[in-house]
Amino acid sequence: MSALYFQNLPNRPVNKENYTRLLLKYINPNNKYAINSSLPLPRNKLLTAQTDSQPLMLLDDQIGLLEVSISRSSKMSNQAFLTFATQDEANGFLNKYTTTELKFQGRKIRIEKARTNSLLGLSIEMQKKKKNGKDHYLGLKKVLKTRKLKRKLRSDDMYAKKFKLKRQVRRLKHKLRLKKIEEAEINKIVKEFKTHRLENIQSQQEKPKQSQEPLKRAKVSDTMENPPNKVLLVQNLPSGTTEQLLSQIFGNEALVEIRLVSVRNLAFVEYRTVTDATKMKNQLGSIYKLQNSDVTIGFAK
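Right, here's the structure in full:
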């Protein structure tokens with residue numbers, strides 16, 4: 065591993081280049097890039113299977129420093145990763161400052177080996193292992209792909225919601241299979257779940273932002289991922305709903321009990337078997353119109 069992890073640095077300013085020169089000055093007062101601010105900092109490109117091996121340009125010849133990486137995240141504003149040309153040079157730097165303090169603007173810097181290599185360090189490692197094919201660059205490609213995906217998720221809200229939906233569908237299928245539900249029923253439940261979620265995503269995208277806060281209503285729990293159960297959870301009931309009214313809607317020969325929770329505008333409707341509950345849910349649908357309220361019907365946990 066040719067990368068070291070620096071902690072307890074002063075919060076970095078907006079200008080990364082000035083911050084890098086300042087850090088170099090504290091590491092080595094004679095560093096040419098710290099002394100001469102007009103001297104451009106070296107930029108090393110990632111080495112891939114498609115690029116020829118290129119000579120590496122050092123930020124500091126004395127210690128073999130190649131790159132200072134600073135995260136854009138505000139949570140990591142006082143942290144940095146330093147990549148060295150070789151693992152030996154990284155170890156040598158670490159050993160030196162294990163017994164000697166490195167201070168930056170009066171702060172004692174904590175230094176340790178990085179858990180993962182930097183992109184530049186990883187590309188150098190892959191280049192050294194290069195033989196015939198592209199297989200040695202799969203690790204680097206995987207990291208680059210992951211970073212690209214994270215940027216996409218941060219910048220595209222719709223893409224992020226659909227990506228989250230895919231994971232929810234996988235978890236739902238897993239839960240249903242653990243319950244030993246037939247595949248045909250699983251596909252039906254998953255299709256209903258995806259349709260409902262996509263409609264919600266689309267409506268949120270099209271709905272204009274309201275200048276005033278809407279009236280507070282009882283929170284409706286999402287039951288779409290819950291596997292089939294012999295108990296139905298009925299939510300968003302209109303005020304004044306009675307057990308007698310619910311019995312008229314949900315009652316049949318398989319009904320066991322209705323437990324109405326008026327203060328939360330919900331009820332638990334229990335049937336003899338999962339099949340009986342599923343049949344009633346399919347009969348009434350996930351949304352049931354009751355006294356101008358959209359009552360949601362799903363399986364309880």
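Counting from 65, one number per residue, gives the positions in the sequence shown under the working numbering.
Glycine included, each C-beta is placed from N, C-alpha and C at the ideal position.
Since the structure is predicted, the reported quantities are computational estimates derived from the model, not experimental observations.
- Leaving aside the five residues that flank Leu240 on each side, the residues in its chain whose CB is nearer than 7 Å to its CB run, in chain order, Ile250, Ile253, Pro291.
- DSSP lists Gln71 as the bridge partner or partners of Arg174.
- By a beta-carbon distance limit of 8 Å, Leu166 contacts Ile175. Their separation comes to about 7 Å.
- DSSP, read as helix, strand or coil, puts Leu129 in strand.
- Judged by pairs of C-beta atoms under 8 Å, the region 349-359 touches the region 299-313, as three or more such pairs exist.
- Per DSSP, the unbroken alpha helix (DSSP H) holding Glu81 starts and ends at 80-91.
- Rounded to whole angstroms, Leu105 and Tyr223 show a C-alpha spacing of 37 Å.
- For Asp358, the enclosing beta strand (DSSP E) has its first and last residue at 357-363.
- Its chain contains Phe145, Ser182 as the residues whose beta carbon lies nearer than 6 Å to that of Ser133, once the 5 sequence neighbours on both sides are disregarded; these appear in chain order.
- For Ile351, the uninterrupted beta strand (DSSP E) segment begins and ends at 351-354.
- As computed with DSSP, Glu153 is found in no beta bridge at all.
- 9 Å or more divides the Cβ of Val338 from the Cβ of Leu319.
- The beta-bridge partner set that DSSP reports for Leu297 consists of Phe332, Gly362.
- For Thr147, no alpha helix (DSSP H) run applies; the uninterrupted beta strand (DSSP E) run containing it begins and ends at 144-148, by DSSP.
- Only residues of its own chain outside the window of five on either side were considered, and among them Phe332, Val333, Glu334, Tyr335, Ala341, Phe363, Ala364 have a CB closer than 8 Å to the CB of Val295, listed in chain order.
- Within the DSSP bridge table, the entry for Arg323 names Phe332 as partners.
- Within the DSSP secondary-structure output, Lys167 pairs in a beta bridge with Lys172.
- Pairing Asn329 with Gln299 gives a Cβ-Cβ distance under 9 Å.
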